[in-house]
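For the sequence shown, this note's numbering gives the first residue as -4, with consecutive numbering after it.
Just so it is clear, CB atoms sit at the ideal spot from N, CA and C, and this is done for glycine as well.
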Amino acid sequence: RIMRRERSWTGMGCAALLWGTILLGCSCGPGPPRAGAAPLLAATYVLDDANGLGREFDGIGAVSGGGATSRLLVNYQEPYRSQILDYLFKPNFGASLHILKVEIGGDAQSTDGTEPSHMHYENDENYFRGYEWWLMKEAKKRNPKIKLIGLPWAFPGWIGKGENWPYDYPDITAYYIVSWILGAKQYHDLDIDYIGIWNERAFSSKYIKLLRYTLDKHGLEQVRIIASDRLWEPISFVMLIDSELHGVVDVIGAHYPGTKTVQNAILTGKKLWSSEDYSTFNNDVGAGCWARILNQNYVNGNMTSTIAWNLVASYYEELPFGRCGLMTAQEPWSGHYKVESPIWITAHTTQFTQPGWSYLRVDGHLEGGGSFVALTDGLGNLTIIIETMSHNHSKCIRPPLPNFSVIPQRAAFYLRGSFYMVETLQVWHSRLDFESGNSSLFQQLRPVKVWKGRFSLDLNVDEVYTLTTLKTGWKCGFPEPPPPQPFPSSYKDDFDIRNPPFSEAPNFADQTGVFEYFVNASDPGDHVFTLRQVVVQRPITWVSDADQTISVIGNFKWVNMTVTCDIYIEKPHDGGVFIAGRVDNGGIYVRRTKGVFFWVFADGTYRVTGDLAGKEILMKGLSGVRDNAWHTLTLNIQGNSASGLLNGYLLWENVTVSKPRNGWAALGTRSFEFAQFDNFHVE
-4 RIMRRERSWT
6 GMGCAALLWG
16 TILLGCSCGP
26 GPPRAGAAPL
36 LAATYVLDDA
46 NGLGREFDGI
56 GAVSGGGATS
66 RLLVNYQEPY
76 RSQILDYLFK
86 PNFGASLHIL
96 KVEIGGDAQS
106 TDGTEPSHMH
116 YENDENYFRG
126 YEWWLMKEAK
136 KRNPKIKLIG
146 LPWAFPGWIG
156 KGENWPYDYP
166 DITAYYIVSW
176 ILGAKQYHDL
186 DIDYIGIWNE
196 RAFSSKYIKL
206 LRYTLDKHGL
216 EQVRIIASDR
226 LWEPISFVML
236 IDSELHGVVD
246 VIGAHYPGTK
256 TVQNAILTGK
266 KLWSSEDYST
276 FNNDVGAGCW
286 ARILNQNYVN
296 GNMTSTIAWN
306 LVASYYEELP
316 FGRCGLMTAQ
326 EPWSGHYKVE
336 SPIWITAHTT
346 QFTQPGWSYL
356 RVDGHLEGGG
366 SFVALTDGLG
376 NLTIIIETMS
386 HNHSKCIRPP
396 LPNFSVIPQR
406 AAFYLRGSFY
416 MVETLQVWHS
426 RLDFESGNSS
436 LFQQLRPVKV
446 WKGRFSLDLN
456 VDEVYTLTTL
466 KTGWKCGFPE
476 PPPPQPFPSS
486 YKDDFDIRNP
496 PFSEAPNFAD
506 QTGVFEYFVN
516 ASDPGDHVFT
526 LRQVVVQRPI
536 TWVSDADQTI
546 SVIGNFKWVN
556 MTVTCDIYIE
566 KPHDGGVFIA
576 GRVDNGGIYV
586 RRTKGVFFWV
596 FADGTYRVTG
606 DLAGKEILMK
616 GLSGVRDNAW
626 HTLTLNIQGN
636 SASGLLNGYL
646 LWENVTVSKP
656 RNGWAALGTR
666 SFEFAQFDNF
676 HVE
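Below you can see the structure in the form of structure tokens.
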């Protein structure tokens, strides 16, 4: 409980007479203000565990996926890749995350790219595709106690038997999801702790109950179910009227709740999580957003876990929501990465708490604006986290933030119950400086002396304090990584790798479809190792995937370029492939992608179009290309003119291209069809 003993103004030294009537006690915080300083609002807060504790704390985490947000991370060379992982997962080092949530790849676009499914087809199982398995193992290697969550954004098309819906055959969907959990254990020794339903889309009560039954049937009773990764309603209401559903859902997870919950959610008695939040550009305003919601999701909304989208911005920055990760690692070719301020804001909570601790019952609102939470392990340890983020410096990307004000203030804390005997508290401090840009992040200050259970602090605006009995906090660092460099202006990949560490070729960012290393056993020699597009049925989509498949690569600022690639159309009659330059879009906007696209088709024709959809035709004619044979395509774009070569001979020229002015290189297929690519080269 919190008891406000006083609300008054302190100004001159340790004691002040205000209107001649209110006498204030001594402050045990910083020394007296300078003469002439404005008086501080003062208030007192009581921390007491004598009458029981609040809700159990479940941890702070982040999402990899939803989608392809860690795509470029895997291509970093050592030691930089391990350094990035240490900043994210290593306890008492950097962000020290308690939870890692990953996408269960569904072969479909899920924000910044597609992630491959473990079952592209009904008779297909492969638990080594993509990079989420690797990432979960790296997280566990650093923190064996980290909690793991799986959640699908999309599903392979076979699950819906042609319908864009995963619940018509709920037994198939449940089998598919449980296979992923079993594969995690069998092939990677990973125990999945929580499983979700369908990210930000409809839930089916019948499916959720069947999922619980299927989990239990396979000995996975310990796996908990989160629903519905969307809004508080209708899941909360349905749980209140359906006791069987209430019995199988362990956590109600809402997205971007704006620190608020609803009465029905509280009435369920279930754990309440902000199971996706943040999603904000990772500058100091992003850090302010994160600091505010980490506290206020509990203070205002009783949420005991907050999970950031996304873990690390490891995707081309010009894709949607560029740099909306806790840190930035989008240059594997240079080794450059940046530990952004949200990493250190995270540390204020994660380094001094653990899942299984409990919140104290406090109101948590500071009189002068801002908030605090207090947590205990029940063994005498106490951690208090205070934030005073101002409105304009803590706006998240969503939802809109109502106006509020924060002013400098003095906060006096009284420790009661089992905390009365605490004599000193370690102090960690961050101040986001929006004037000079010289923010001070996660600095250890002198310990605070607690006198007869009392201490006070003078709080400025846009600050975070952690006061704790724990002495294990640590701000670690590595030498500066290499400086940033643009993507190499000359780049080749022949895909000749016998045992690739990952299923996807470096730096290619699939935006519809999935492009994987392939061993072409029947080839006489030149094209044994290739890159193959493998999704042959439109997935159950999360957003509007294109009708064509496409993977982008390179520097979005490229203007003039030559793209060359050997291509192999596998689909007879109406199959087709393309190479492209100046590609201007991807992610959730992939359907509206423009650029310069050079297509060849199995019927012996070619086209040049200004868009991925193929509607804006700039040139067309006969090429003589046929399916099941290798051909070399070359696309040359210089200024306002483009030309194309087939097998080294000019096929078309003098095509005028006015826009886009710049963009990535790309390759892809006419439809969801098998096709192969080899000896890719962009200059």
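How would you call residue i, buried or exposed, if buried means at least 16 neighbouring beta carbons within 10 angstroms?
i	result
Thr651	exposed
Ala10	In this predicted model, Ala10 has a pLDDT of only 26, less than 50, meaning its place in the structure is not dependable; the value taken from the coordinates is given anyway. Label assigned to Ala10: exposed.
Val514	exposed
Leu42	buried
Thr299	buried
Glu133	buried
Asp521	exposed
His343	buried
Tyr162	buried
His568	exposed
Gln258	exposed
Arg656	exposed
Leu714	Within the shown structure, residues of the chain are numbered from -4 to 678, placing residue 714 beyond reach of any answer.
Phe399	exposed
Ile141	buried
Leu18	Caution applies to Leu18, whose pLDDT of 26 falls short of 50 and renders its modelled position unreliable; the value that the coordinates give is listed next. Looking at its Cβ environment, which holds fewer than 16 other Cβ atoms inside 10 Å, Leu18 is exposed.
Ser435	exposed
Asp561	buried
Met131	buried
Asp679	Residue 679 lies beyond the stretch modelled for the chain, which goes from -4 to 678, so this question has no answer here.
Gln633	exposed
Gly8	Since pLDDT at Gly8 reaches only 30, below the 50 mark, its modelled position is unreliable, and no value is offered.
Going by C-alpha distance, which of the options is nearest residue i?
i	options	result
Arg50	Asn138, His424, Glu312 and Asp372	Asp372
Leu427	Gln72, Ala406 and Leu454	Leu454
Thr301	Gly582, Phe510 and His93	His93
Ile494	Phe524, Thr507, Gly468 and Lys470	For the record, residue 494 in the displayed sequence is Asn; it is not Ile. The shortest Cα separation from Asn494 among Phe524, Thr507, Gly468 and Lys470 belongs to Phe524.
Ser199	Asp188, Ile187 and Tyr164	Tyr164
Phe503	Phe667, Asp224, Trp594 and Phe675	Phe675
Val334	Ser498, Arg318 and Thr209	Arg318
Asn580	Leu206, Thr209, Val603 and Pro315	Pro315
Ile574	Arg587, Gly582, Phe593 and His241	Phe593
Gln349	Tyr332, Ala324, Thr378 and His331	Thr378
Gly582	Ala103, Glu271 and Ala45	Ala103
Gly264	Cys284, Trp285 and Asn297	Asn297
Leu374	Val445, Thr464, Tyr273 and Ser329	Thr464
Leu321	Phe667, Leu83 and Phe497	Leu83
Ile711	Asp211, Asp119, Leu177 and Lys135	Outside the shown range of the chain, which is -4 to 678, sits residue 711, and nothing can be said about it.
When the distance is taken between beta carbons, is residue j closer than 8 angstroms to residue i?
i	j	result
Gly152	Ile535	yes
Gly89	Gly145	no
Tyr202	Thr168	yes
Trp352	Phe437	no
Lys204	Val173	no
His424	Leu410	no
Ile392	Thr254	no
Ile148	Gly61	With the sequence shown as reference, residue 148 is identified as Trp, and Ile is not the correct amino acid for it. Yes; because the gap between Cβ atoms is below 8 angstroms, this pair is in contact.
Thr557	Asn649	no
Ile548	Val585	no
Gln421	Lys466	yes
Ala63	Tyr310	yes
Leu613	Thr604	yes
Asp224	Gly248	yes
Val327	Ala282	Note that residue 327 is Pro in the sequence shown, not Val. For Pro327 and Ala282, no; Cβs fall outside 8 angstroms.
Ser384	Arg287	Looking at the sequence shown, residue 384 is not Ser but Met. Yes, these two residues count as a Cβ contact at 8 angstroms.
Glu668	Asn623	no
Thr627	Gly639	no
Arg490	Tyr512	Inspection of the sequence shows that residue 490 is occupied by Phe rather than by Arg. In contact: Phe490 and Tyr512 (Cβ atoms closer than 8 angstroms).
Chain C beta carbons: is any one of them nearer than 8 angstroms to that of residue i?
i	result
Asn121	In the displayed structure, chain C is absent; only one protein chain is listed.
Measure how close the beta-carbons of residue i and residue j come, nearest whole angstrom, since I'm counting them as under 8 angstroms.
i	j	result
Tyr563	Ala637	Not a contact, Cβ separation roughly 23 angstroms.
Leu36	Glu458	That pair is no contact at about 15 angstroms.
Gly365	Gln543	Actually they do not touch by this definition, with Cβ atoms about 50 angstroms apart.
Gly101	Arg356	Actually they do not touch by this definition, with Cβ atoms about 42 angstroms apart.
Asp186	Lys180	6 angstroms
Cys571	Val591	According to the sequence as given, residue 571 is Gly; it is not Cys. Going by Cβ atoms, the distance from Gly571 to Val591 rounds to 16 angstroms, so no, they are not a contact pair.
Three or more beta-carbon pairs under 8 angstroms between the region 302 to 310 and the region 468 to 480, yes or no? Below 8 angstroms, too few C-beta pairs join the region 302 to 310 and the region 468 to 480 to call them touching: fewer than three.
Is the region 212 to 225 touching the region 117 to 124, taking contact as three or more C-beta pairs under 8 angstroms? Contact between the region 212 to 225 and the region 117 to 124 is absent, with fewer than three C-beta pairs closer than 8 angstroms.
Per the contact definition of three or more C-beta pairs closer than 8 angstroms, is the region 71 to 78 in contact with the region 372 to 389? Three or more beta-carbon pairs separated by less than 8 angstroms are not found between the region 372 to 389 and the region 71 to 78, which leaves the two stretches without contact.
So does the region 353 to 360 actually touch the region 107 to 117, counting three or more Cβ pairs closer than 8 angstroms? Contact fails: fewer than three Cβ-Cβ distances are below 8 angstroms.
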